[in-house]
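Counting from 1, one number per residue, gives the positions in the sequence shown under UniProt numbering.
Every residue gets a Cβ at the ideal spot worked out from N, C-alpha and C, and that includes glycine.
Reading through the structure tokens given below for one structure.
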Amino acid sequence: MLPTRKAIILGAGPAGLSTALCLRQMTDIKPVIYELRPKPTTLGGAIGITSNGLRLFDRLGVADALIKRGSTRTDVAVYSLNQGKLGRLHDFAAHVRAETGYGYVRIKRVDIVDVLMEAVRKAEIPVHFGKKVQKVENGESRSDVRVQFEDGSSDRGDILVGCDGIHSAVRRMCIDPESEPEYSGLSGMFSTIPASAVSTKVTSQLTGLNVTITAQGMFMAAPCTASQDEIYWGFQREVAMPNVGDTRDGWEVRGRQEVDGFKDTLRGIIKDGGGKWIDALRELIDATDVMKFYPIYRLPLGRAWSNGRCLILGDAAHATQPHAGQGVSLAVEDAFLISHLLSDYTRPVSEVNDLFERIRRPRVAAIHQTASQNSSTRRNAEAPGQAVKEDALRSALAASSGRIAISNQLLGQKYATYDIVGERV
1 MLPTRKAIIL GAGPAGLSTA LCLRQMTDIK PVIYELRPKP TTLGGAIGIT
51 SNGLRLFDRL GVADALIKRG STRTDVAVYS LNQGKLGRLH DFAAHVRAET
101 GYGYVRIKRV DIVDVLMEAV RKAEIPVHFG KKVQKVENGE SRSDVRVQFE
151 DGSSDRGDIL VGCDGIHSAV RRMCIDPESE PEYSGLSGMF STIPASAVST
201 KVTSQLTGLN VTITAQGMFM AAPCTASQDE IYWGFQREVA MPNVGDTRDG
251 WEVRGRQEVD GFKDTLRGII KDGGGKWIDA LRELIDATDV MKFYPIYRLP
301 LGRAWSNGRC LILGDAAHAT QPHAGQGVSL AVEDAFLISH LLSDYTRPVS
351 EVNDLFERIR RPRVAAIHQT ASQNSSTRRN AEAPGQAVKE DALRSALAAS
401 SGRIAISNQL LGQKYATYDI VGERV
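Structure representation (structure tokens):
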């Protein structure tokens, strides 16, 4: 009988939990998860899951639970301060749903983690919280990898999988310490508020995602629960990098400034706008007491994703800007592919890593480029350029071909028919 293999997974977010479930379902490998935080995180706002991600979550047996918690509304209304309503997309996921059988869900990140955590519990996969990595011993010639934690405990496994996000300890300690996140030039603020906090003048207009473009950034607002009882909304714009020696301290100061003054800032941006939706946007701002600020970072392309028995997945390997709508779906694709490759116990780890990168890098690069291009709608524009942008959007929304182009390019549908399981290895 062959000895049972073991995978140590660092990170109990969507990437780590999905990877553990895939390994349990598709291989003989026993996964164990270690998480830095003392309990499941409540960080993050609402996330869009496109059909490629939903199909994979369905194979893991959790898609129905996700859909029961999130909003599946797929209408998009686009507004500007100067021209009012530019147009509407009715069911932007229609053509992808017709092809794949799966649509779209907008759901709070905390609900994704909760659903996946319940599936992990049912699968009897161990999860240990409050575990900060101190040291990793890894080498291609070694038969295993050892992880030592700051609390004095340690563990050994056949592989170490870093699903610990853009600031990955696994990437820094044992794969590519020089791979540093890059600031995109954009930052955002967001909040989730009860729908009961605003009037029906707001909720009656939120039949899906409402986008408001301005010369200083973009507003977004949408229901994010199945019952439509919570509204996720936010604003993204250009924000200069803090001009201080310690960037982290600088962002903390900048974040406090942005959050403390968010009502005055956002009211000032829309002060000259008119119409029912802009009035509703003012009400959203007034009804919000707490905002969260976040600078948007990405990882550079072409950096290492593995070293010996250590590898990284999801944002730890290839964090992109969130403007292609594929972040969570990319991570779940990673989980399925690495599990499929590892299901052949005769395949050396080095070959697994090589095959994984050969298959994944082209898709990651394409989505990285799309996300970067899409961010232009959030960047500052002078009046003439802003008018051109708005006129182009209005024209596109008026034509069926333009509406399909917008749903493909700006709303993640371009990549949503893809099925990682169809890759030949």
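#1: With a floor of 4 residues, list each alpha helix (DSSP H) that falls wholly inside the region 114-166, ordered by position along the chain.
#2: Could you check if Ala98 is buried or exposed, using at least 16 other CB atoms within 10 Å of its CB as the buried criterion?
#3: Hey, quick one: how far does the alpha helix (DSSP H) through Asn408 stretch, first residue to last?
#4: Would you kindly work out how many angstroms separate the C-alpha atoms of Gln228 and Gly234, rounded to a whole number?
#5: Determine the DSSP secondary structure at Glu238, reduced to helix, strand or coil.
#6: Curious, which full-length beta strand (DSSP E) runs of at least 3 residues does the region 319-356 contain?
#7: With a Cβ-Cβ cutoff of 8 Å, do Arg298 and Ala324 count as a contact?
#8: Taking only the alpha-carbon atoms, compute the straight-line gap between Phe57 and Gly250 and give it to the nearest angstrom.
#9: The beta strand (DSSP E) spanning Val198 covers which residue range?
#10: Quick check on the DSSP output: the alpha helix (DSSP H) that includes Arg171 runs from which residue to which?
#11: Name the DSSP beta bridge partners of Asn210, please?
#12: So is Gly11 buried or exposed if we call it buried at 16+ other beta carbons inside 10 Å?
#13: On the DSSP letters alone, give me the boundaries of the beta strand (DSSP E) that Ile270 sits inside.
#14: So, for Phe356: in the same chain, excluding its five sequence neighbours on each side, which residues have a beta-carbon less than 7 Å away from its beta-carbon?
#15: Given the structure, does Gly188 come close to the ligand ADP, in the sense that its CB is under 7 Å from one of the ligand's heavy atoms?
#16: Report buried or exposed for Thr200, applying the criterion of at least 16 other Cβ atoms within 10 angstroms of its Cβ.
#17: To which residues does DSSP link Arg298 through a beta bridge?
#18: What does the alpha-carbon distance come out to for the pair Arg267 and Ser51?
#19: For Val113, which of Leu89, Ala304, Val62, Pro126 has the nearest alpha-carbon?
#20: Taking the alpha-carbon of Lys414 as reference, which of Arg424, Asp111, Thr370, Pro40 has the nearest alpha-carbon?
#21: For Ala381, name the three-state secondary structure that DSSP assigns.
#22: For Ala365, I'd like the list of residues in its chain whose CB is within less than 8 Å of its CB, leaving aside the five on either flank, ordered along the chain.
#23: Between which two residues does the beta strand (DSSP E) containing Lys30 stretch?
#24: So for Val105, helix, strand or coil by DSSP?
#25: State the DSSP-derived secondary structure class of Leu43, mapped to helix, strand or coil.
#26: I need the DSSP call for Asn374, collapsed to helix, strand or coil.
#27: Sort Arg424, Arg109, Ala405 by Cα distance to Ile359 and report the nearest one.
#28: Mind checking Thr77: buried by the 16 CB within 10 Å criterion, or exposed?
#29: Please list, in chain order, all residues of the same chain as Gln134 whose beta carbon is under 8 Å from its beta carbon, the five residues on each side excluded.
#30: So for Phe190, helix, strand or coil by DSSP?
#31: Among Gly165, Ser395, Ile404, Leu206, which one has its Cα closest to the Cα of Leu43?
#32: Can you give the beta carbon distance from residue 436 to Val127, rounded, assuming they're within the 8 Å contact cut?
#33: When we look at the beta-carbon of Tyr232 and count the other beta-carbons within 10 Å, is it buried (16 or more) or exposed?
#34: What do you get for Pro14, buried or exposed, if any count of 16 or more other CB atoms within 10 angstroms of its CB means buried?
#35: Taking all protein chains shown into account, do 16 or more other C-beta atoms lie within 10 angstroms of the C-beta of Met218, making it buried, or fewer, making it exposed?
#36: For Gly412, which residues does DSSP report across the bridge?
Reading from the atomic positions:
#1: none
#2: On the sequence shown, position 98 is the one that residue 98 refers to. Exposed, because fewer than 16 other Cβ atoms sit within 10 Å of the Cβ of Ala98.
#3: Stepping through the sequence shown from its first residue, residue 408 is reached at position 408. First-last of the alpha helix (DSSP H) with Asn408: 400-409.
#4: For this step, residue 228 is matched to residue 228 along the sequence shown. For this step, residue 234 is matched to residue 234 along the sequence shown. Roughly 17 Å between the two C-alpha positions.
#5: In the sequence shown, residue 238 corresponds to position 238, counting from 1. If DSSP states are grouped into helix, strand and coil, Glu238 belongs with the strands.
#6: none
#7: Against the sequence shown, residue 298 aligns to sequence position 298. Against the sequence shown, residue 324 aligns to sequence position 324. No; because the gap between Cβ atoms is not below 8 Å, this pair is not in contact.
#8: As a position in the sequence shown, residue 57 is number 57, starting the count at 1. As a position in the sequence shown, residue 250 is number 250, starting the count at 1. Distance between the alpha carbons of Phe57 and Gly250: 38 Å.
#9: Looking up residue 198 in the sequence shown gives position 198. Element bounds for Val198: n/a, residue is neither H nor E.
#10: Indexing the sequence shown from 1 puts residue 171 at position 171. Arg171 -> no alpha helix (DSSP H), and no H or E assigned at all.
#11: The sequence position of residue 210 within the sequence shown is 210, counting from 1. For Asn210, which the question treats as bridged, DSSP gives the partners Ala77, Ala221.
#12: For the purposes of this step, residue 11 is taken as the residue at position 11 of the sequence shown. With 16 or more Cβ atoms within 10 Å of its Cβ, Gly11 is classed as buried.
#13: On the sequence shown, residue 270 is found 270 positions in, with the first residue counted as 1. Careful: Ile270 lies outside any beta strand (DSSP E) and carries neither H nor E.
#14: Looking up residue 356 in the sequence shown gives position 356. Hits under 7 Å: Leu337, Ile338, Leu341.
#15: Among the components of this structure there are no ligands whatsoever, and the ligand ADP is therefore not found.
#16: Residue 200 sits at position 200 when you count from the first residue of the sequence shown. Exposed: under 16 other Cβ atoms inside 10 Å.
#17: If you number the sequence shown from 1, residue 298 lands on position 298. Per DSSP, Glu182.
#18: The residue you call residue 267 lines up with position 267 of the sequence shown. The residue you call residue 51 lines up with position 51 of the sequence shown. Those two C-alpha atoms are separated by around 36 Å.
#19: As a working mapping, residue 113 is identified with position 113 in the sequence shown. Selected option, being the one with the closest Cα: Val62.
#20: Numbered from 1 along the sequence shown, position 414 holds the residue referred to as residue 414. Ranking the options by Cα distance to Lys414, first place goes to Thr370.
#21: Taking the sequence shown and counting its residues from 1, the one referred to as residue 381 is at position 381. In this structure, Ala381 counts as coil in the three-state DSSP scheme.
#22: Residue 365 sits at position 365 when you count from the first residue of the sequence shown. So the qualifying residues of the chain are Leu301.
#23: The residue given as residue 30 occupies position 30 in the sequence shown. Note, Lys30: beta strand (DSSP E), 30-34.
#24: As a first step, residue 105 is located in the sequence shown; it is residue number 105 there, counting from the start. The answer is strand: DSSP assigns Val105 an E or B state.
#25: What you label residue 43 is simply residue 43 of the sequence shown in a count that begins at 1. It is coil, neither helix nor strand.
#26: The residue given as residue 374 occupies position 374 in the sequence shown. The answer is helix: DSSP assigns Asn374 an H, G or I state.
#27: For the purposes of this step, residue 359 is taken as the residue at position 359 of the sequence shown. Of the listed residues, the one whose Cα sits closest to Ile359 is Arg424.
#28: For the purposes of this step, residue 77 is taken as the residue at position 77 of the sequence shown. The sequence as given places Ala at residue 77; Thr does not occur at that position. Buried.
#29: Position 134 of the sequence shown, counted from the start, is the residue given in the question as residue 134. Around Gln134: Gln148, Phe149, Glu150.
#30: The residue given as residue 190 occupies position 190 in the sequence shown. Correct three-state label for Phe190: strand.
#31: Mapped onto the sequence shown, residue 43 falls at position 43. Closest by alpha carbon: Gly165.
#32: The displayed coordinates of the chain run from 1 to 425. Any statement about residue 436 would go beyond what the structure contains.
#33: Indexing the sequence shown from 1 puts residue 232 at position 232. It counts as buried.
#34: The residue you call residue 14 lines up with position 14 of the sequence shown. Pro14 comes out buried.
#35: Translated into positions along the sequence shown, residue 218 becomes position 218. Flag for Met218 reads buried.
#36: Here the question's residue 412 lines up with position 412 in the sequence shown. DSSP lists no partner for Gly412.
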